[in-house]
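Note sheet for the following structure.
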Amino acid sequence: MCTTYAAATLAESIRNAGGTVERLLLVRLNPAVEHKTRGNAALAVHTDLDADTALGLAEDVLDMAETDDPRTNPGAIVADCDPEDVPPQVATFARETIRSIQDPMAATTLADVVGFARCQRGNGRGLVGALAAVGAWAALSDWTYEHIAYRERDRWGTERAVDSESVRAAAEEYYPEVWDTVDRASGYPVCVPRTPCPILYGIRGDDPTACRAVADAIDSEPIARRATFVTNQGTDVHLQDATLDAVTADSAYRVTGTVVEASETRAGGHVFLTLEGDGATLDCAAFEPTKGFRNRVRSLKAGDRITACGEVTDGTLKLEKFAVRDLVRTEAVTPDCPDCGRSMKSAGRNQGYRCRDCGTSADGKTAQSIERGLERGWYEVPPVARRHIAKPLVRGGFDAPTHPSR
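Residue numbers are given in full-length UniProt numbering: position 324 of the sequence shown equals residue 324, and the series is strictly consecutive.
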């Protein structure tokens, strides 16, 4: 059972118990964590139901989890306060959990110190996400939306029946308020999962009304339940500004450096290059699933200066987007003879160049302008390869021109 479905189930139980649900919060945490769901999601339900009743309903939902799998260790925390009034150390914990790895014991201890009730199944690792979800509303300011439609239970694990053409038409009509619905280059409906989870499709955007409108326009199999989540998806809140010498594994960064040499395409179609700066170097990679984005990376040359964004794992930054800051515009070439136009030949080591026919000479190579397949500004992976938490360029707010991928 996926985490958003659990939250939607809990919200329904709260309403049945006489409580009001103000909002459902979907919080994407550090994408570099080893122990995670595919999108590393944590959920919060903001309600006026009393804490004791809410805790009992949360435990009922935890009992639905498939805890026979040792990787499934869900947890829930109930905070008896308004979401914006959580203790500041809980808000800090939420920010840190989005950007780095946290110990489950730290979450347990902090929850107990501030007096929040908790319950868990398995080893309690899920309490990290639970506490982060509790603190997220006070910690973050940039929010987007996702409207999720769920399948009827007897269809879980079977092929989804969603009309791709209706998805593409709705995506086109409501872009850019609604984004990452379809990958234009491949035609693939990004909003439709490929996993055997209960989700039929999820529509993301900056306007909840537009997200619901896109959902309403999609022709599909019957829908069992719908829910709209407020979320930090598409915000880049996971990225930390850092110098190249300060990055560490298992976190995501925004770093600036100079390309050391031309990129290299390795087995599997993965493209690698190295950045240099701040007395350090850092390998960066555009992996095969990023498709055409790799050509942008291949277009970079030694001497170009870029800002790169992505998760660092095993000493390599996995590129989510990059910004061209400065491009090399010339290259050194063998000079042509000013009289006959032929290319000169070397006159010997450190003796420049000479035209053997005309006798003209030149001290060294000359600078020649080169065409570049890139412009100043931001480039990004296509929607089909974008992390949930990564900010699409179409949302704006970047420090240079953008070249969005649709």
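The C-beta atom is built at its ideal place from N, Cα and C for all residues, glycine as well.
Beta-carbon gap between residue i and residue j smaller than 8 Å
i: Gln233; j: His388; result: yes
i: Glu101; j: Val33; result: The sequence given here has Ile at residue 101, not Glu. Yes, these two residues count as a Cβ contact at 8 Å.
i: Val90; j: Val162; result: no
i: Val114; j: Pro87; result: yes
i: Thr334; j: Lys365; result: yes
i: Arg395; j: Asp206; result: yes
Buried or exposed by the 16-neighbour rule on C-beta atoms within 10 Å, applied to residue i
i: Pro382; result: buried
i: Glu380; result: buried
i: Asp236; result: buried
i: Arg296; result: buried
i: Glu320; result: buried
i: Val167; result: buried
i: Thr9; result: buried
i: Val182; result: buried
i: Lys318; result: buried
i: Pro196; result: exposed
i: Gln120; result: buried
Same chain only: Cβ atoms within 6 Å of residue i, ignoring 5 sequence neighbours per side
i: Thr72; result: Ala65, Glu66
i: Ser13; result: Leu57
i: Arg294; result: Val271, Ala286
i: Asp142; result: Thr235
i: Thr281; result: Thr274
i: Ala111; result: Ile77, Arg118, Leu131
i: Cys191; result: Thr181, Tyr201, Gly202, Ile203
i: Pro289; result: Ala385
Residue range of the beta strand (DSSP E) that includes residue i
i: Val255; result: 251–259
i: residue 471; result: Because the chain in this structure spans residues 1 to 406, residue 471 falls outside the shown range and cannot be described.
i: Asp326; result: 316–326
i: Leu110; result: Counting along the chain, Leu110 falls outside any beta strand (DSSP E), though it belongs to the alpha helix (DSSP H) covering 104–114.
i: Ala149; result: 144–151
i: Glu331; result: 330–333
Boundaries (first-last residue) of the alpha helix (DSSP H) holding residue i
i: Asp52; result: 51–62
i: Trp137; result: 126–139
i: Arg294; result: 293–298
i: Phe287; result: Taken as a continuous stretch (DSSP letters only), Phe287 belongs to no alpha helix (DSSP H), as it is neither H nor E.
i: Leu10; result: 3–16
Same chain, Cβ closer than 8 Å to residue i, neighbours up to 5 away in sequence not counted
i: residue 489; result: Because the chain is modelled from 1 through 406, residue 489 falls outside the range shown and cannot be assessed.
i: Thr92; result: Gly135, Ala139
i: Asp219; result: Val162, Asp163, Ser166
i: residue 425; result: The shown model of the chain, from 1 to 406, leaves out residue 425, and the question about it has no answer.
Simplified DSSP assignment, three categories, for residue i
i: Asp399; result: coil
i: Ser220; result: strand
i: Arg28; result: strand
i: Gly269; result: helix
i: Ala367; result: strand
i: Ala41; result: strand
i: Ala161; result: coil
i: Val21; result: strand
i: Ser186; result: coil
Spatial neighbours of residue i in its chain, beta-carbon cut-off 7 Å, leaving aside the 5 residues before and after
i: Thr402; result: Gly377, Trp378, Leu393
i: Ser361; result: Ala347, Gly352, Tyr353, Arg354
i: Ala94; result: Ala132, Gly135, Ala136, Ala139
i: Ala79; result: Val86, Phe116, Val134
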